[in-house]
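Structure record follows, encoded as structure tokens.
Numbering (my numbering), first residue to last: 13 to 454.
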């Protein structure tokens, strides 16, 4: 067994790699045990990734060639995070340089003025470079933050408002056009959410949908439009908001009429753990995807303690995976020295931060913690059953398509934890350091 451990002592990151041999269990080991059961399988993993926002693309464009290559290797290279998923926004979001839409003329029902010229400035160049580095097409998800202002009840992109019923068909056509334009530019959009945070009235781009309104839009506008334009392979994920209402949203929206239209449920982390909500959704709708589509360290809510923030990521990923999550997509891949740009100054942290004035990168501890999952749990891996001896140790376990086992352990305490890892009649004894994350490869 190979054990890769990331320690953080006195603000210094250290990576330790050790090999351990398994020995036959000739006596009963009862204490400090972790049991793995590879024959008991749960959900299948789609992959891991992050968001290429206009902000991330703009910061990427400001880097020198060496640091551009470094960012691509860190996220998409075989020696990096090995990301295979990307999320981006339809029209502007808060992490844009300003508000914009691909078409803003209320008289242009044929969308002749529709253009992705804005995306070609910063988003698509970053996306092209990422796919080239990855060596394959990425699993792209698109999400709107707001329809064009003229389609909304409040006549503005910001401050919530709703989609006017008379614009449902045009908005569905608009979304399909966006996807088709991505296709014309060589990209494949595999997933779509209806609305980012449909229950949040924001000072930035936002739009409100009740569950009934979102269901009506999918059933009578969006899904028929996708079929009409030959986009039936684009998977629709509902909700795209915090976990605490995943169950209610899904139970309201998924029925015998919409079941084939809805492929999954997207969720964020901003209202707390609610891992049980994912487990309930997995039990009620076992065939649906459960994709984490956004989470970040907001400067307005969290401090600059790298260890705390990295452990927050690992705690959430472990809990989500054990609850049934099938894919993880972080928020901005890259931000500048202010935590932006952001057109309403809603500044945040990112796993990689850039000083655009000095052309310097800072790789945060959170980047390394996320990598303990994304580098080793491969697309197609299945979560497996386990038991553990203490609640002070957090863990999850997977079986990759090649049959290899991946065990990720988080020890957020001030004491080291001894592990007697038992699987298939053999035992491996090792220790997880204090305030550390470790990945065991078996």
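Beta carbons: idealized from backbone N, C-alpha and C, even for Gly.
DSSP links residue 89 through a beta bridge to no other residue. A direct Cα-Cα distance of roughly 6 Å separates residue 345 from residue 62. Counting other Cβ atoms within 10 Å of its Cβ, residue 267 stays below 16 and is therefore classed as exposed.
Counting only runs of at least 4 residues, the region 95 to 178 fully encloses the following alpha helix (DSSP H) elements, listed from N- to C-terminal order: 129 to 133 and 135 to 146. For residue 209, the closest C-alpha among the options 155, 449 and 327 is that of 155. Residue 333: member of the alpha helix (DSSP H) spanning 318 to 335, first to last residue.
In its chain, beyond the 5 residues on either side, 398, 409 and 435 have a beta carbon closer than 6 Å to the beta carbon of residue 48.
Within the same chain, Cβ atoms closer than 8 Å to the Cβ of residue 30 are found at 14, 15, 17 and 442, the five residues on either side in sequence being excluded. In this structure, residue 66 places its C-beta atom within 8 Å of the C-beta atom of residue 108.
Out of 106, 59 and 276, the CA that lies nearest to the CA of residue 94 is found in 59. For residue 74, the enclosing alpha helix (DSSP H) covers residues 66 to 74. Residue 382 and residue 117 have their C-alpha atoms spaced approximately 42 Å apart. With contacts defined by Cβ atoms closer than 8 Å, residue 386 and residue 363 do not form a contacting pair.
Ranking 169, 196 and 159 by CA distance to the CA of residue 180 puts 159 first.
Taking a C-beta distance under 8 Å as the contact criterion, residue 373 and residue 82 qualify as a contact pair. Excluding the 5 residues flanking it on each side, residue 111 has same chain C-beta neighbours closer than 6 Å at 104 and 169, in chain order. Excluding its 5 nearest sequence neighbours in each direction, residue 33 has C-beta neighbours in its own chain below 8 Å: 13 and 440, listed in chain order. In the three-state scheme derived from DSSP, where H, G and I count as helix and E and B as strand, residue 427 is classed as coil.
Nearest to residue 97 by C-alpha distance, out of 450, 368 and 343, is 343. Here residue 182 carries a helix assignment [DSSP, helix/strand/coil]. In the three-state DSSP reduction, residue 60 falls in the strand class (E or B). The DSSP-derived three-state label of residue 365 is strand.
Apart from the 5 residues on each side of it in sequence, residue 231 sits with its Cβ closer than 6 Å to the Cβ of 270 in its chain, given in chain order. By the beta-carbon neighbour count (other beta carbons within 10 angstroms, threshold 16), residue 149 is exposed. Between residue 274 and residue 248, the C-beta gap is smaller than 8 Å, which places the two residues in contact. The alpha-carbon separation between residue 132 and residue 140 amounts to approximately 10 Å.
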